[in-house]
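First comes the structure, then the notes that go with it.
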Amino acid sequence: MGDPKKKKRRAKSKKKAAGEQSLLSRYIRDWVFRDPPPTATDDFAPPPVAAHRAADRVVFELHSHSKYSDGFLSPSALVERAHRNGVKVLALTDHDTMAGIPEAMETAHKFGMRIIPGVEISSVFSPREEPGTGEPVHILAYYGSCGPAKYEELDELLSSIRNGRYVRAKNMLLKLNKLKIPLKWDHVAKIAGNGVAPGRLHVARAMVEAGYVENLRQAFNRYLYDGGPAYAMGSEPFAETVVQLICRTGGVAALAHPWALKNPIPVIRGLKSAGLHAIEIYRSDGKDSVN
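Numbered according to UniProt numbering, the sequence shown spans residues 1 to 291.
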C-alpha cells in the first residue's frame with residue numbers, strides 16, 4: 001500500500017494546479033472578450049469585466065510565422081486562416097523581424113481578433129559566453145499592443161541578426177556544394193522573397209525543389225540539423241543578453257521549443273536567472289511537447 005501522507009500531498013498538489021489553470025483560463029477569457037480599450041491605452045493586461053457566456057470558447061496561438069520569415073502566408077492570410085480556425089488571440093512571432101505586425105493588426109481588427117506583437121529571436125546559449133560556442137536557442141518576445149519600449153534598441157539587435165542570416169545561408173550553400181549539392185543562391189533568395197533574410201527552411205525548400213532530397217524532413221535530418229554537415233551559425237547574440245533586452249524593452253520572454261535542445265536543464269536555469277518568464281510547452285498541432 002502507498003503512503004497515505006504522500007497520496008494526500010499529491011491530491012493537494014493536483015487540486016492547487018487545477019485551481020491555477022482555472023484562474024489562468026478566466027484571465028485569458030477576460031482579456032479576449034472584454035470591451036475594446038481607448039486607443040491611447042495598452043491592452044496587454046485585462047481590467048475587471050462582467051462574466052461571459054459559458055459557450056464562449058477561447059482559442060489562442062502564441063507562436064506563428066508569416067512570409068516575412070519562414071512562413072508560407074502573408075500576415076493578412078495568416079490572420080484570416082487563424083480566424084477560420086476559431087483563434088481569438090494570435091501572436092505573430094516571425095524570426096528576427098516584426099515587419100509583419102502592422103498588416104496583421106489591421107486585418108485582425110476586421111475579425112475582432114487580438115494580435116500580440118511578437119518576434120522569435122535567434123540566439124546562442126553559452127555558459128561561459130565564448131564566441132563561436134554554445135547551443136542555438138530561440139527566444140520568443142511578446143509585447144503589448146503599443147509595441148516594445150526602446151524600439152530602436154530592439155530593432156538594432158534584430159537588424160544585426162538578419163544580416164547574419166544572409167551570411168549563414170551562404171555558408172550553408174558552400175557546405176552543401178562541398179557535399180556535391182550545388183544549390184544556387186538565387187534559388188534560395190527567390191524562395192525567401194524580396195527583403196526576407198533567408199533561413200534553414202528556405203534552404204531546405206530549395207533542396208526539395210531542386211530534387212536533392214525528397215522532402216523537408218530529409219533535408220533537415222541529413223544536412224541541416226543543428227551541428228549537421230551543412231549547418232552554419234550566423235551572428236546570433238547570447239541568449240541571456242536577448243532575455244535581458246526583452247525585459248528591458250517591456251516584453252515577456254519565453255523559451256521556444258525546449259524539447260529540441262540537447263541540454264535543456266542548464267539552458268532553462270541560466271535563462272531563468274537572466275529574467276526568463278515562460279517556456280513553450282504545447283504545439284499547435286495538438287501534440288504535447290514537454291513531458
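Beta carbons: idealized from backbone N, C-alpha and C, even for Gly.
> For the alpha helix (DSSP H) that I101 lies in, which residues bound it at each end?
Replying inline: I101 to F111
> Per the contact definition of three or more C-beta pairs closer than 8 Å, is the segment 228–243 in contact with the segment 155–169?
Replying inline: yes
> Does the segment 80–95 touch the segment 59–70, meaning 3 or more C-beta pairs lie closer than 8 Å?
Replying inline: yes
> Which residues mark the beginning and the end of the alpha helix (DSSP H) in which I265 is found?
Replying inline: P264 to A274
> Mapping DSSP to helix, strand and coil, what is A141?
Replying inline: strand
>> Taking 6 Å as the limit between beta carbons, can you name the residues of its chain near A274, skipping five residues before and five after?
In response: E240, V243 and Q244
> The alpha helix (DSSP H) spanning H202 covers which residue range?
Replying inline: R200 to E209
>> What does the alpha-carbon distance come out to for the pair G251 and G199?
In response: 25 Å
> Ordered along the chain, which non-local residues of its own chain (more than five positions away) have a Cβ less than 8 Å from that of H187?
Replying inline: A206, E209 and A210
> According to the Cβ coordinates, are L157 and P102 closer than 8 Å?
Replying inline: no
> From K184 to V124, what distance separates their C-alpha atoms?
Replying inline: 28 Å
>> Just to confirm the assignment, what range does the beta strand (DSSP E) spanning V252 have?
In response: V252 to L255
> Taking Cβ to Cβ, would you say G193 is nearer than 8 Å to K67?
Replying inline: yes
> For H187, which of helix, strand or coil comes out of DSSP?
Replying inline: helix
> Does the segment 146–166 come close enough to the segment 216–227 that 3 or more CB-CB pairs lie under 8 Å?
Replying inline: no
> Taking just the CA atoms, how far does P182 sit from A256?
Replying inline: 32 Å
>> Check for me: the alpha helix (DSSP H) holding I121 runs from which residue to which?
In response: Element bounds for I121: not the alpha helix (DSSP H) but the beta strand (DSSP E), R114 to F125.
>> Within a Cβ cutoff of 6 Å, which residues of the same chain sit near R81, ignoring the five residues on either side of it in sequence?
In response: none
>> Taking only three categories from DSSP, how would you classify L224?
In response: helix
>> I need the boundaries of the alpha helix (DSSP H) containing M76, first residue and last residue.
In response: Reading the sequence as shown, one finds Ser at residue 76 and not Met. Where S76 is concerned, the enclosing alpha helix (DSSP H) stretches over P75 to R84.
>> Can you find the residues in the same chain that come closer than 7 Å, C-beta to C-beta, to L276, ignoring five residues on each side of it along the sequence?
In response: V243, A253 and L255
>> Closest to L271 by C-alpha separation, out of A99, G112 and P258, would be which residue?
In response: P258
>> Quick check on the DSSP output: the alpha helix (DSSP H) that includes S69 runs from which residue to which?
In response: First-last for S69: undefined, no H or E at that position.
> What are the boundary residues of the alpha helix (DSSP H) that includes E153?
Replying inline: Y151 to K178
> Do you know how far the Cα of N215 is from the Cα of N177?
Replying inline: 19 Å
> Exposed or buried, R162, counting other C-beta atoms within 10 Å across all chains shown (16 or more means buried)?
Replying inline: buried
> In three-state DSSP terms, what is P258?
Replying inline: helix
> V243 lies in the alpha helix (DSSP H); which residues open and close that run?
Replying inline: A239 to R248
>> Suppose contacts are defined by Cβ-Cβ distances below 8 Å. Is D96 in contact with A219 by that definition?
In response: no
>> Within a Cβ cutoff of 7 Å, which residues of the same chain sit near V290, ignoring the five residues on either side of it in sequence?
In response: Interpretation of V290 is limited by its pLDDT of 39, a score under 50 that renders its predicted location unreliable; no figure is taken from the coordinates.
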